[in-house]
Amino acid sequence: MHSTAPSLTPPAPAGSEPVGGPRAAAATPTHCPYCALQCGMGLAPAEGEPGGLAVVERTEFPVNRGALCGKGRTAPALLARGVRLTGPLVRSAVTGELEPASWRTALDRVARALAGTRGTYGADACAVFGGGGLTNEKAYALGKFARVALGTAQIDYNGRFCMSSAAAAQQKAFGLDRGLPFPLEDVSRTGCVILVGSNLAETMPPAVRFLTELREAGGTLIVVDPRRTRTAEAADLHLAPRPGTDLALALGLLHLVVAQGLTDTEFVAERTVGWPEARAAAMAHWPELVERITGVPVPQLREAVRLFTAPRNAMVLTARGPEQQSKGTDTVGAWINLSLATGRAGRPLSGYGCLTGQGNGQGGREHGQKADQLPGYRRLTDPAAREHVAGVWGVPPQSLPGPGRSAYELLDALGGDLRALLVMGSNPVVSAPRAAHVEKRLRSLDFLAVADVVLSETARLADVVLPVTQWAEETGTTTSLEGRVLLRRQAVEPPREVRSDLYVLHELAARLGVGQGFPTEPEEVFGELRRASAGGPADYSGITYRRLAEEQGVFWPCPEPGPAERSPHPGTPRLFLERFAHPDGRARFAAVEHRPAAEETDGEYPVVLTTGRVVAQYQSGAQTRRVAELNEAAPGPFVELHPRLAARIGAAEGDPLVVVSRRGRAVAPARITRTIRPDTVFMPFHWPGAGRANNLTNPALDPTSRMPEFKTCAVRVERATDGAAEPEAEPRRPSA
Ligand SMILES: Nc1nc2c(c(=O)[nH]1)N[C@H]1C(S)=C(S)[C@@H](COP(=O)(O)OP(=O)(O)OC[C@H]3O[C@@H](n4cnc5c(=O)[nH]c(N)nc54)[C@H](O)[C@@H]3O)O[C@H]1N2
Ligand SMILES: Nc1nc2c(c(=O)[nH]1)N[C@H]1C(S)=C(S)[C@@H](COP(=O)(O)OP(=O)(O)OC[C@H]3O[C@@H](n4cnc5c(=O)[nH]c(N)nc54)[C@H](O)[C@@H]3O)O[C@H]1N2
Ligand code: SF4
Ligand SMILES: [Mo]
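Here's what the structure looks like:
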C-alpha cells in the first residue's frame, strides 16, 4: 500500500529505503508502530483506496530524515480487516472455540473472572503482563490499573526481556537510566564507537547513517558480535567472541588500558567512585586469559584499545548481545567501566548508551508497568515515591502493593499461585524463554484475557480476546531510544467494534468498583502522567501534547517551570555532562569478575546457540508475519551454521536440522555461512511452531535485572529425520 514513486532524498544507507513520493499535504505527521528508533513518517489517504493509508516521507524529523525500513514502509497493511481483529472474542463453554461476542459480554466476563479470582485467592492471584510497545499513556494506565483497581503486586512486562540489564547497570553506574544519554546525532561526531551485540543494520536500518557519517568524518567503528553481520561488515574492526563472554572481553580491554597507562586518572579521581576494586578485577583478566575465554586473539584486543583510546572522544553502545545474558548487568557494568576509566563518559560526544528496542521500550519502563516501579521512573519501595504517586492517584500510600515478580518468574507461576492473567501488548507464547513450558503455564490458568490488535499465538489461548486500537488508529506518546518523547497521531478511524486499551482499563476498573481515575482520552491520561512523574527521575511535567506537536519531540527530564521561571524547560538532550545522577554527582565503577554462562557446552550439548532478529520480521512476528511483503522476504525460521559444523553433521544448505537443548527441540532448515563462529549456531526467534527458537532457550535469570539468558545456551545440532517436527500443540481447553 506504500507509495513506490522514486525517492527525492539522497541515497539511504544499506537496508533502509526512503519512502518515495512528494510529501502529501494531507499527511498526518506521526511515527512508526515498531521499533525504538520511532522513525518519523507521514500517513496520507491512499489513492484509489477508500479509507486506506499510504506512508509518505517526513524528512524534517531529524532521526531518520524520511528513511524507513521495510517494516515501517509496509505498516499500513496492519490496518486491514482480515489482518487486524475487528470484534471481541469469547471462548464458548459449549464448543470450546473463540466466538464473536459483544463488548459488554466480553468485559463482563473478564471482570467477573478477575473479581472471582481475587475473592477466592486474594488480589495477588491476578496477574498483569504488559509491553514496551504500549504508549506512555497505556503503560501508565496499566500500572495504575494493576495497583489501584486490582490491588495486585503481580505486574511486569516484556521489557524485562529487552533492556533490563542495561537499565540496571546504568542505574548502578550513573544513578539514572536513559537508554542513550545523548541524541543519536552525537554518534556521527565522536571519534570511535564500540558497538557491542547490536545488529543495527537489520534492527534499526535508518540509524546506520550515523555510523556511516562517523566513518566519513574519520571516526572508527568496532563491532563485537559472534557473527559477521551486515553491521560488522561495515566496521573497521570486528571482534567475534564466543556468545556469553562479553564480560571477559570488556575486562580484558580495561586490563590493556591500565597496562598501557591509558587511564584518565584525573577524570577517575574527580568524577567516579570505586576505581581500585574495578581496576583490581580488570588486572585479573590478562589478555591471554581473555583470548582463551572469548576466542578473540590478543592482537585484536590491542587494536580495539588503540582505536578506542586514540581519539579524544569515544562511545560504547550495547544492545541485546551482551545484555540478554544471566550476567547481563555485570557485563554492561564492565563496558561502562571501560568508558569511565578512559574518561569517555559524562563528556560531550562521549559516553555509554544502550540501544533500547521496542517502540516505547524507554517510556514503557518509566511509567509503572514494571514490577518494581512507579511513574516517573520512581521506585516502588521508596516511601516518598509511594506517597507522591498515591497522592496523584487519590489512594493511601499503604494501599499500594510492593514489588511483584519479574516477567519470567511471573509466567512460570501461572496456574500455581497466579490464577488469572491479563496480557496487554505481548506475545509470550513465541517470545518468552523456554516457551513450550510458558505455553503450558498459560494453558493451566483459570482465566486468560488478551488485549491485542491481532489474533496472536497468545490470544489464541485466551478465554477472552479484546480487539484494541493501534498506532494510526489512536493518539498517544512514545519515548524513543534517545529519551525523546514523541507524539504519535491518529490518522484513521478504527473499525467500529474496536476500542482502545484505555477504554478496556476504564471499563474493567469500573466493573471492579473503581469508577474514577481511568480516563479514556490519551491527552487526559498524559496530563495525569505528567503530575505523577513530576519531581521523579523521568520528569515529564513540562511536556504537553501541544509542545510535542510543535517540536520534533522533547527529551526528558523536562520539569514544569516554577512560578519564577519565564520560559518552558527546553528538555535535556544530553545527560551527565556536569554530574552523574548519584547524590554525590559521581559515577560508580562496577567491581565485576567474569563468570561462565548458566549453561556451558559439554559432550552431550557441544554447540552454543544464540538467537536474535532478521530485518523483515518484528519480535514474535504477530504483526509482521501478517504482512505479505515482509513474509516473502523472511518466510520462516532457519539455523545459521558454519560450513565446518555443517560438514561434521553432514548437512547441506536447506536441509532440515533438529536443534536440541535441555528445554526442548526446534526444527528448521540449515543456512550455511562463513560469517558465524564454527562453535555457534544462530536462530531468529520470530516464529511459532516447530521452528520456535524459544523452545530451546534457557530461562536462567540475571540476579539483578532478572533478564533471561536468550543469547547463549548449549545445544546439539543434527540432521532431521522424517517426523522430527514436534506435533502442533492442542487448543486450550475451555475454562469455566
Ligand atoms: N527487524 C527487527 N528490528 C527490530 C526488532 C525485531 O524484532 N526485528 N526488535 C526491536 C527490539 S525490541 C530490540 S530489543 C532490538 C534488538 O536489536 P539488536 O540487539 O541489534 O538485535 P539482536 O538480533 O537480538 O542481537 C544483536 C546481535 O547480537 C549478537 N549476539 C548474539 N549473542 C551475542 C553475545 O553473546 N555477545 C555479543 N556481543 N553479541 C551477541 C547477534 O549475533 C546479533 O547480531 O531490535 C529492535 N528492532
Ligand atoms: N530467543 C529470543 N527471544 C526473545 C528475544 C531474543 O533476542 N531472543 N528478544 C526479547 C525482546 S528484546 C523482546 S522486546 C521480546 C518481545 O516479544 P513480544 O512481547 O512477544 O513482542 P511483540 O511480538 O512485539 O508482541 C507485541 C504484541 O502486542 C500487540 N500490540 C501491538 N500494539 C499494541 C497495543 O497498542 N495494545 C495492545 N494491547 N497490543 C498491542 C502486537 O500485535 C503483538 O501481538 O522478545 C524477547 N524474546
Ligand atoms: S527502523 Fe524501526 S522505527 Fe524505523 S521504520 Fe524500521 S521499524 Fe520503524
Ligand atoms: Mo526488545
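Position 267 of the sequence shown, counted from 1, bears residue number 274 in this note's numbering, the numbering being contiguous throughout.
Glycine included, each C-beta is placed from N, C-alpha and C at the ideal position.
Distance between Asn206 and Ala241, taken at the CA atoms: about 11 Å.
Taken from the Cβ of Gln331, every heavy atom of ligand 3 lies 7 Å or farther away.
Only residues of its own chain outside the window of five on either side were considered, and among them Ser333, Ala605 and Glu716 have a CB closer than 6 Å to the CB of Ala707, listed in chain order. Under the three-state reduction of DSSP, Arg681 is assigned to coil, being neither helix nor strand. Under DSSP, Val614 forms a beta bridge with Val722. Rounded to whole angstroms, the separation of the alpha carbons of Leu221 and Ala635 is 35 Å. Taking the C-beta atoms as reference points, Leu536 is found no nearer than 8 Å to Pro404. Taken in chain order, the whole beta strand (DSSP E) runs of length 3 or more contained in the region 339 to 367 are 358 to 361. With fewer than 16 other CB atoms across the displayed protein chains lying within 10 angstroms of its CB, Lys447 is exposed.
With fewer than 16 other Cβ atoms from the protein chains shown falling within 10 Å of its own Cβ, Ser109 counts as exposed.
In its chain, beyond the 5 residues on either side, Thr336, Thr711 and Ser712 have a beta carbon closer than 7 Å to the beta carbon of Ala175. Taken from the Cβ of Gln369, every heavy atom of ligand 4 lies 7 Å or farther away. Following the DSSP letters along the chain, one finds His395 inside the alpha helix (DSSP H) bounded by residues Pro390 to Trp400. A contact is defined here as three or more CB-CB pairs under 8 Å, and the region 183 to 197 meets this definition with respect to the region 577 to 584. Straight-line spacing of the CA atoms in Ala122 and Arg723 works out to 46 Å. Only residues of its own chain outside the window of five on either side were considered, and among them none has a CB closer than 6 Å to the CB of Gly524. When C-alpha distances from Ala247 are compared across Val275, Leu202 and Gly225, the shortest belongs to Leu202. CA-CA distance, Pro107 to Ser463, rounds to 16 Å.
In terms of Cβ geometry, His693 and Gln626 form a close pair [threshold 8 Å]. The alpha-carbon of Arg450 is positioned some 7 Å away from that of Leu468.
Rounded to the nearest whole angstrom, the C-alpha separation of Gly350 and Ala288 is 18 Å.
Under the 10 Å beta carbon count, Ala556 is surrounded by fewer than 16 other beta carbons and is classified as exposed. Sixteen is the threshold: when 16 or more other Cβ atoms of the shown chains lie within 10 Å of the Cβ of Ser438, as they do, the residue is buried. Going by DSSP, Glu106 is part of no alpha helix (DSSP H) but of the beta strand (DSSP E) stretching over Leu105 to Pro107. Across the structure, Gln177 and Ala43 are spaced so that their CA atoms are roughly 18 Å apart. Collapsing the DSSP output to three states places Val665 in a strand. Here the region 221 to 230 does not lie against the region 249 to 261, with fewer than 3 beta-carbon pairs under 8 Å apart.
Look at Gln624: its beta carbon is at least 7 Å from all of the heavy atoms in ligand 2. Taking 8 Å as the upper bound for CB-CB distance, Gly483 and Lys145 are in contact here, some 7 Å apart. Here Ala420 has Arg412 as same chain residues with Cβ atoms under 7 Å from its own Cβ, once five neighbours each way along the sequence are excluded.
Between Pro501 and Thr476, the C-beta spacing is below 8 Å. As the crow flies, the alpha-carbon of Ala479 is around 35 Å from that of Thr102.
For Phe689, the enclosing beta strand (DSSP E) covers residues Thr687 to Pro691.
Here DSSP, grouped into helix, strand and coil, assigns Met714 to coil. Rounded to whole angstroms, the gap between the alpha carbons of Cys46 and Thr142 is 15 Å. When secondary structure is reduced to three states using DSSP, Pro706 falls in the strand class.
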